[in-house]
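Residues in the sequence shown are numbered from 53 upward in steps of one, following the working numbering. All C-beta atoms in this analysis are idealised placements derived from N, C-alpha and C, irrespective of residue type, glycine included.
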Amino acid sequence: MEQRKSKTLTLCERIEVLKKLKTGQSQASIAREYGVNPSQISRILKRERQLLGDWRSNRNPQRKRKRVGKAEEVEEALLRWFSQVRSRQFPVSGPLLMEKAGQLAGCLGLNDFKATVGWLERWKRRNNITFKKQHGERQDADDSGAENWVVSVLPSILNEYAPRDIFNADETGLYWRAIPDGTLAFKQATPTGSKASKERLTILLCCNMDGGEKLEPLVIGKSKQPRCFKNVKRLPVSYRANANSWMTGDLWKQWLKDLNTRMRAQKRPILLLCDNSAAHNAPARLSHVKLVFLPPNTTSLIQPLDQGIIANFKAHYRALLLRRLMGLMDGQTGDNKCAIELARSLSLLDSLHLQKEAWNRVTQATIIKCYRRARFFKDAGRDQTDAAMASVAADIPAGVSNEQFQRYVAVDCSIQTAGDSTDVELCACKQATATDEASDQMSSEALIQQPPATFATALEGLSTIRAYLENTGCQSYERFYRLADLIYETQRHRSVQRTITDYFKKAKYQRLY
53 MEQRKSKTLT LCERIEVLKK LKTGQSQASI AREYGVNPSQ ISRILKRERQ
103 LLGDWRSNRN PQRKRKRVGK AEEVEEALLR WFSQVRSRQF PVSGPLLMEK
153 AGQLAGCLGL NDFKATVGWL ERWKRRNNIT FKKQHGERQD ADDSGAENWV
203 VSVLPSILNE YAPRDIFNAD ETGLYWRAIP DGTLAFKQAT PTGSKASKER
253 LTILLCCNMD GGEKLEPLVI GKSKQPRCFK NVKRLPVSYR ANANSWMTGD
303 LWKQWLKDLN TRMRAQKRPI LLLCDNSAAH NAPARLSHVK LVFLPPNTTS
353 LIQPLDQGII ANFKAHYRAL LLRRLMGLMD GQTGDNKCAI ELARSLSLLD
403 SLHLQKEAWN RVTQATIIKC YRRARFFKDA GRDQTDAAMA SVAADIPAGV
453 SNEQFQRYVA VDCSIQTAGD STDVELCACK QATATDEASD QMSSEALIQQ
503 PPATFATALE GLSTIRAYLE NTGCQSYERF YRLADLIYET QRHRSVQRTI
553 TDYFKKAKYQ RLY
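Here it is as structure tokens:
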């Protein structure tokens with residue numbers, strides 16, 4: 053009897069085997085189909101979690117055996133460093149990788165390690181890394197890596213999870229006090245000799261595929277407890293702080309734990325897509341959140357938030373900011389202030405409320421279309437019509453062209469949102485934690501001391517608002533009535549319930565004495 057030749061399936065074939073097993077096909081029939089021993093199919097099933105992890109990490113799909121190099125710790129640290137520098141769009145060459153591998157080996161105490169050309173080629177094959185000549189406007193995007201992920205990995209994600217359980221999270225930087233230049237909306241926006249405000253925040257946004265769930269934004273600033281937060285019991289968004297206002301490994305880990313706790317309470321396992329930023333490498337054991345990292349240099353092509361969701365959020369924020377500034381300019385009496393001086397009066401708390409309102413204005417239709425633009429749909433082909441409509445226009449102020457407004461929206465599109473890991477942190481698989489000892493922001497918000505608002509002052513404000521609506525001929529007062537209901541309801545929950553007779557008793561007591 054002729055002996056059957058030994059055959060080992062590739063990683064791509066093993067994933068296909070797992071898919072067939074999920075459909076109920078027997079191990080024996082699959083073994084016959086691939087011409088392998090049934091025991092190999094059984095081993096594949098036992099290693100399902102590890103194989104899916106390798107597959108979603110963009111490992112070489114043609115790899116048959118998981119061979120480990122002569123220094124596994126060096127290889128893992130080098131891969132983390134490579135992902136980090138490519139996320140910053142730095143060009144990387146073979147000699148540079150070999151030099152960095154030697155430095156990481158020294159950090160690990162492996163003084164006998166020597167990076168050779170052969171070792172580098174094997175490392176590249178194991179991790180599915182190729183070098184290509186860069187040219188054109190999208191030189192930082194890996195088209196082939198993105199296509200391979202969309203064709204090979206994305207279908208399994210869409211089959212395993214419902215659209216409501218597929219989330220994408222990403223950070224973006226925001227110059228929260230920035231205003232248009234003098235040629236845009238305000239003729240004297242930036243006086244001679246002054247610079248546009250570059251006070252920055254980092255914002256983490258997250259939403260699901262069907263657009264029905266937008267998680268509360270996480271805002272990272274520099275000041276731990278700004279003075280404008282005094283007497284504020286609850287902020288409109290989650291707020292954290294460190295010296296650089298960057299996302300760090302510790303902040304990311306805590307955010308993941310909080311998200312996992314929330315999903316565990318709902319008994320709802322979800323999948324979370326994110327890029328391979330240095331801050332996102334923090335390890336965390338999660339029971340209800342499965343992390344999937346997008347391949348390096350592909351986020352501009354296949355990350356949903358980068359397909360228009362973040363841009364739409366910023367457009368709404370800029371429009372709300374301009375509306376506020378123009379309202380202040382119209383209401384000025386006496387010495388008129390220019391726009392940049394009015395922008396400086398904007399407190400961080402004011403900005404957080406604008407950010408919350410801007411995030412609320414990002415519609416479900418916008419999110420769905422941006423996911424489709426990133427090719428998150430089961431039908432074949434790509435819906436170019438939906439993709440072109442992905443960004444819902446914000447309320448652009450009069451006198452500003454769409455081109456000028458888009459330039460204003462993109463003023464902070466390239467600012468850094470996370471720090472780089474040191475060699476020690478790369479080798480230890482830990483992220484640097486930026487210090488929490490941050491000085492208070494030296495701005496007008498730190499100089500203005502405002503007394504806490506009371507129920508009485510809130511009622512006075514209601515009277516002022518109603519008088520303004522009456523004087524301007526308001527057609528409907530429904531929103532005003534809802535605001536008044538909200539204030540009375542808030543007061544009712546935080547004070548002892550009184551009846552009208554209490555006030556009559558008080559008046560009688562005052563007459564007697």
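By alpha-carbon distance to residue 228, the top candidate from 503, 405, 504, 172 is 405. Within its own chain, the residues whose Cβ lies closer than 8 Å to the Cβ of residue 83, once the five positions on either side in sequence are excluded, are 89, 90, 92, 93, listed in chain order. Per DSSP, the unbroken alpha helix (DSSP H) holding residue 198 starts and ends at 195-204. Annotation note: the region 259-301 contains the following uninterrupted beta strand (DSSP E) runs of length 3 or greater, listed N- to C-terminal: 270-273, 290-293. Note that the C-beta distance between residue 171 and residue 346 is not below 8 Å. Non-local beta-carbon contacts of residue 290 in its own chain, meaning distances under 6 Å to residues more than five positions away in sequence, involve 268, 270 in chain order. Around the beta-carbon of residue 534, fewer than 16 other beta-carbon atoms lie within 10 Å, marking it exposed. A distance below 8 Å separates the beta carbons of residue 304 and residue 332.
Under DSSP, the beta-bridge partners assigned to residue 220 are 259, 325. Residue 254 is bridged by DSSP to 225, 272. With contacts defined as CB atoms closer than 8 Å, residue 125 and residue 175 fail to qualify as a contacting pair. Our two residues, residue 221 and residue 344, have alpha carbons roughly 11 Å apart in a direct line.
Per DSSP, the beta-bridge partners of residue 345 are 326. In the DSSP annotation of this structure, the continuous segment of the alpha helix (DSSP H) that includes residue 158 starts and ends at 146-159.
Residue 360 is not a Cβ neighbour of residue 279, given a cutoff of 8 Å.
Collapsing the DSSP output to three states places residue 505 in coil.
Here the C-alpha atom of residue 377 lies approximately 26 Å from the C-alpha atom of residue 293.
When secondary structure is reduced to three states using DSSP, residue 230 falls in the coil class, being assigned neither helix nor strand. Boundaries of the alpha helix (DSSP H) harbouring residue 392: 391-396, taken from the DSSP string.
When secondary structure is reduced to three states using DSSP, residue 470 falls in the strand class.
Within the model, the alpha-carbon separation for residue 362 versus residue 161 is close to 43 Å.
Of the residues assessed, residue 134 falls on the buried side of the cut-off, its CB having 16 or more other CB atoms within 10 angstroms. Within its own chain, the residues whose Cβ lies closer than 7 Å to the Cβ of residue 264, once the five positions on either side in sequence are excluded, are 216, 416, listed in chain order. Residue state for residue 375 is assigned as helix, using DSSP reduced to three classes. Going by C-alpha positions, residue 320 is about 26 Å away from residue 329. Assigned with DSSP and collapsed to three states, residue 179 falls in coil, not helix or strand. Excluding five sequence positions before and after residue 446, the CB atoms of its chain that fall closer than 6 Å to its own CB belong to 367, 368, 371, given in chain order.
Here residue 63 really is in contact with residue 103; their C-beta atoms are around 7 Å apart, less than 8 Å.
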